[in-house]
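Residue numbers (this note's numbering): 10 to 276. Here's the structure, in structure tokens; my notes come after.
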Ligand SMILES: C[S@@+](CC[C@H](N)C(=O)[O-])C[C@H]1O[C@@H](n2cnc3c(N)ncnc32)[C@H](O)[C@@H]1O
């Protein structure tokens with residue numbers, strides 16, 4: 010049987026090496042002070058000052074370190090050794106006190122040794138890498154203190170069933186397709202030409218219902234589920250335009266949700 014997570018980890022290590030020098034992530038500007046967080050996440054999560062935060066699938070820590078600058082005591086977890094090494098180095102360069110743990114999400118409970126946090130946060134491009142959302146939600150529940158908050162901002166699953174084909178925006182994948190999908194892409198999403206040595210990755214589609222049910226099934230209480238008509242990148246080239254705040258919207262009208270966000274609590 011294919012070891013999906015092993016293959017994905019190799020793929021993410023390759024991507025991280027490219028991301029570290031990409032214009033897309035612009036690490037140099039970040040270290041020099043361009044540490045903006047997503048306005049949506051900031052507005053919806055509210056103040057994090059003085060609160061402990063577990064950042065799941067933190068990649069190389071850009072958002073984790075920005076939350077640390079906003080006053081949170083952050084622990085970032087990611088399974089890519091390359092990403093965690095870079096995150097630790099940026100943490101040091103920026104004189105912050107975030108902690109980074111290299112662990113698979115599905116082994117993070119042991120790695121965290123039962124530690125609990127005020128906030129569990131995760132965002133943008135995380136769920137498609139997870140085969141089992143119930144286990145993910147259990148990790149979130151057990152990692153939160155009583156009264157703690159879970160927040161996610163993520164690409165809307167309905168948007169993933171569309172694809173641009175011959176300049177037309179068409180439905181290309183069944184929404185309810187829960188089987189693992191193998192993707193072979195020689196480059197990463199940052200627009201760089203560098204070729205990935207491990208080009209095959211494995212991803213899963215989750216419906217909005219599956220996501221919410223996993224969280225409530227694990228014991229979390231939903232505070233809100235918001236759907237948004239914009240996203241953070243040019244998802245459908247030729248069909249999108251940027252608004253004054255730099256958010257990407259469909260050209261004709263807001264006929265599809267492109268992002269969703271959830272806030273939930275452990276009551
Ligand atoms: C798209 S990135 C998250 C991006 C983040 N929002 C950002 O822009 O920095 C997805 C991250 O999930 C991590 N990842 C994927 N599968 C994982 C798993 N099973 N356990 C832990 N991390 C995983 C990858 O290493 C990668 O850093």
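Positions of the beta carbon are idealized from the N, C-alpha and C atoms, including for glycine.
- From residue 159 to residue 223, what does the alpha carbon distance come to, in whole angstroms? If you take the alpha carbons of residue 159 and residue 223, they lie about 13 Å apart.
- Query: Are the CB atoms of residue 91 and residue 26 nearer to each other than 7 Å?
  - Reply: Yes, Cβ-Cβ distance for residue 91 and residue 26 is below 7 Å.
- Label residue 28 either buried or exposed according to how many other C-beta atoms from any shown protein chain fall within 10 Å of its C-beta, with 16 as the threshold for buried. With 16 or more other Cβ atoms within 10 Å, it is buried.
- residue 49 to residue 182 span [Cα, whole Å]: Distance from the CA atom of residue 49 to the CA atom of residue 182, rounded to whole angstroms, is 28 Å.
- Which residues mark the beginning and the end of the beta strand (DSSP E) in which residue 157 is found? For residue 157, the enclosing beta strand (DSSP E) covers residues 153-164.
- Where does the unbroken alpha helix (DSSP H) through residue 50 begin, and where does it stop? Residue 50 -> alpha helix (DSSP H) spans 48-54.
- Task: Would you mind giving the Cβ-Cβ distance between residue 113 and residue 14, rounded to the nearest angstrom? I have them listed as a contact below 8 Å.
- Result: Right, the Cβ-Cβ distance comes to about 6 Å (below 8 Å), so this counts as a contact.
- Query: Roughly how many whole angstroms lie between the Cα atoms of residue 200 and residue 155?
  - Reply: Rounded to the nearest whole angstrom, the C-alpha separation of residue 200 and residue 155 is 42 Å.
- Chain-order list of residues whose beta-carbon lies under 8 Å from that of residue 207 (same chain, five-residue window excluded): Excluding positions up to five away in sequence, the list reads 16, 19, 20, 22 and 23.
- Item | Reference residue 216; option with closest CA among 165, 241 and 126 | Relative to the Cα of residue 216, the nearest Cα in the group 165, 241 and 126 belongs to 165.
- With residue 39 as the anchor, note down where its beta strand (DSSP E) starts and where it stops. Per DSSP, residue 39 belongs to no beta strand (DSSP E); it is in the alpha helix (DSSP H), 36-40.
- Item | Buried versus exposed call for residue 262 [16 or more other C-beta atoms within 10 Å across all chains shown] | Per the 10 Å Cβ criterion, exposed.
- Task: Note down, one range per segment and in chain order, each beta strand (DSSP E) of at least 3 residues found wholly within the region 171-227.
- Result: Counting only runs of 3 or more, we get 171-174, 177-180, 190-193 and 209-212.
- Item | Buried/exposed call for residue 177, threshold 16 Cβ in 10 Å | Classification of residue 177: exposed, given that the 10 Å Cβ count is below 16.
- Have a look at residue 172 and residue 193 and give me their C-alpha separation to the nearest angstrom. Computed Cα separation, rounded: 16 Å.
- Query: Roughly how many angstroms separate the alpha carbons of residue 82 and residue 107, rounded to a whole number?
  - Reply: Taking the straight line joining both Cα atoms gives about 6 Å.
- Query: Helix, strand or coil: how does DSSP classify residue 84 here?
  - Reply: Residue 84 falls in the strand class under three-state DSSP.
- Message: According to DSSP, simplified to helix, strand and coil, what is residue 107?
- Response: Reduced to three states, the DSSP call for residue 107 is coil.
- Buried/exposed call for residue 71, threshold 16 Cβ in 10 Å: Buried, since its Cβ has 16 or more Cβ neighbours within 10 Å.
- Query: In three-state terms, what does DSSP make of residue 127?
  - Reply: Residue 127 falls in the strand class under three-state DSSP.
- Query: Is residue 33 near ligand 1, judged by its Cβ being under 6 Å from some heavy atom?
  - Reply: No, the beta carbon of residue 33 sits no closer than 6 Å to any heavy atom of ligand 1.
- Task: Reducing DSSP to helix, strand and coil, say where residue 167 ends up.
- Result: Reduced to three states, the DSSP call for residue 167 is coil.
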